[in-house]
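Residue 1 is where the sequence shown starts when you use full-length UniProt numbering, and the numbers rise one by one after that.
Notes for the one structure printed next.
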Amino acid sequence: MDCNEVRPLIDASVDRELSPVDERRVQQHVATCAACQRETEIVRALAGTIRQADYHRAPDVLRARIVAGLPQAAVSSTSKGARGRAWWFPSFEGLRLPVGGGFGAANGRMTIGSGWLTVMIIALCAAVAGVTLTLRRPADTSPFVDELVSSHVRAQLSGRDIDVISTDQHTVKPWFNGRLDYAPPVVDLTAAGFPLAGGRLDYLGHRRVAVLTYRYRKHVIDVYVFPDTDRTSSDSGTGLGTKPDATLVRDGYSMVRWREDGMVWWAITDAAPDALSALETALKARPQPSE
């Protein structure tokens, strides 16, 4: 490993978040690099200072303001609820509710039990909620797409979105040997504006898959590649029959899928959809990688 590969991992090394293999590789480099040694000491000093920092109790005036605001909020909520009931059930004003519940007549007027009224209200609310959820549900709901988004977000939040850090395709591609039952195509697209950052393994669609990580300006693009012969590549498993090359947007993330050379390709990023279109074009125009 060189300095460019080690520097992003120093924080994780100090916090003991690296795997044993990565930790050993980082320490081997740090032991022979004065610059990375200084960087490591700086990070350790910063971490120690943060751990030793005093905890400050919130001031009493803040607590008093919060407590003072609670009763007013409760009263406001109650009054709003009362007004809402008066508006929603104006026709029930003439109904008298017997204590025992049920239906009956009192003084010539129809009465309805409070128990039945409660059931009716709950049923009505459930029906409204069901209709609302149905209307707001995205048209393209696929467990595979949800799993893809979760995989990408989880990797970014963990800070370990790359297992093999390298811009050299001849380093990344052999790394997958023995870890997968197929050989994913790997190519560096720096000339097209998408430098290769590395790769990792992930679990998607009930199998281990290769993930190639590219950079686009300040954005990360994950490209999932797996054989087209698996059930994970079926239309029902990759977006309810989503048309190839069609761009999807889910939770603020753009996605695109295509099939080529016996592989299914899924790309996802928080960048604009145009970036994925350009990446797809560059990958399709790639030269055949040498073994």
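Note that the Cβ used here is the ideal one computed from N, Cα and C, for glycine as well.
| Asked | Found |
| --- | --- |
| Got a sec? Which residues, its chain only, sit under 8 angstroms from Glu280 by beta carbon, not counting five neighbours each side? | Asp245, Val256, Trp258, Trp265 and Ala267 |
| Expressed to the nearest angstrom, what Euclidean distance is found between the alpha-carbon atoms of Leu276 and Leu157? | 21 angstroms |
| Starting from the Cα of Pro273, find the closest Cα among Val249, Val225 and Pro287 and give me that residue. | Val249 |
| Taking just the CA atoms, how far does Leu70 sit from Gly201? | In the sequence under discussion, the amino acid at residue 201 is Leu, which differs from the Gly named in the question. Cα to Cα, Leu201 sits roughly 49 angstroms from Leu70. |
| Consult DSSP for Ser19 and reduce its assignment to one of helix, strand or coil. | coil |
| Look up Arg259 in the DSSP assignment and say whether it is helix, strand or coil. | strand |
| What is the DSSP secondary structure of Arg65, counted as helix, strand or coil? | helix |
| Alpha carbons only, please: which of Leu18, Val164, Ser151 and Arg160 is nearest the one belonging to Met1? | Val164 |
| Closest by CA to His185, which one among Pro143, Val149, Ala285 and Val145? | Inspection of the sequence shows that residue 185 is occupied by Pro rather than by His. When each option's Cα is compared against that of Pro185, the closest is Ala285. |
| Output needed for Ala64: all residues of its chain with C-beta closer than 6 angstroms, excluding positions within five of it in sequence on either side, in chain order. | none |
| The beta strand (DSSP E) with Thr213 in it runs from where to where? | Arg207 to Tyr216 |
| Measuring alpha carbon to alpha carbon, tell me which of Arg179, Tyr214 and Asp261 ends up nearest Ala271. | Tyr214 |
| Determine whether the beta carbon atoms of Ser151 and Asp222 lie at a separation below 9 angstroms. | yes |
| Rounding to the nearest angstrom, what Cα-Cα distance links Ser262 and Leu283 in this structure? | First, the amino acid is wrong: residue 262 is Gly here, not Ser. Those two C-alpha atoms are separated by around 14 angstroms. |
| Give the range of the beta strand (DSSP E) segment to which Leu201 is assigned. | Leu196 to Leu204 |
| Apply the 10 Å Cβ neighbour rule to Cys3 and answer buried if 16 or more other Cβ atoms are within range, or exposed otherwise. | exposed |
| Just to confirm, are Val30 and Ile50 a CB contact at a threshold of 9 angstroms? | no |
| Give the secondary structure of Ala267 by DSSP, where H, G and I count as helix, E and B as strand, and everything else as coil. | strand |
| Taking C-beta to C-beta, are Tyr216 and Thr269 nearer than 9 angstroms? | yes |
| Name the residue from Gly205, Ala210, Gln169 and Phe226 whose alpha carbon lies nearest to the alpha carbon of Pro287. | Gln169 |
| Using only CA atoms, which one of Gly198, Leu196 and Leu180 lies nearest to Val209? | Leu180 |
| When you compare only the Cα positions, how much space is there between Cys36 and Arg24? | 14 angstroms |
| Run the CB neighbour count on Pro20, radius 10 Å, all protein chains shown included, and call it buried at 16 or more, exposed below. | exposed |
| Does DSSP put Ile10 in a helix, in a strand, or in coil? | helix |
| Look at the alpha carbon of His219 and the alpha carbon of Ala58, and state the distance between them as a whole number of angstroms. | 37 angstroms |
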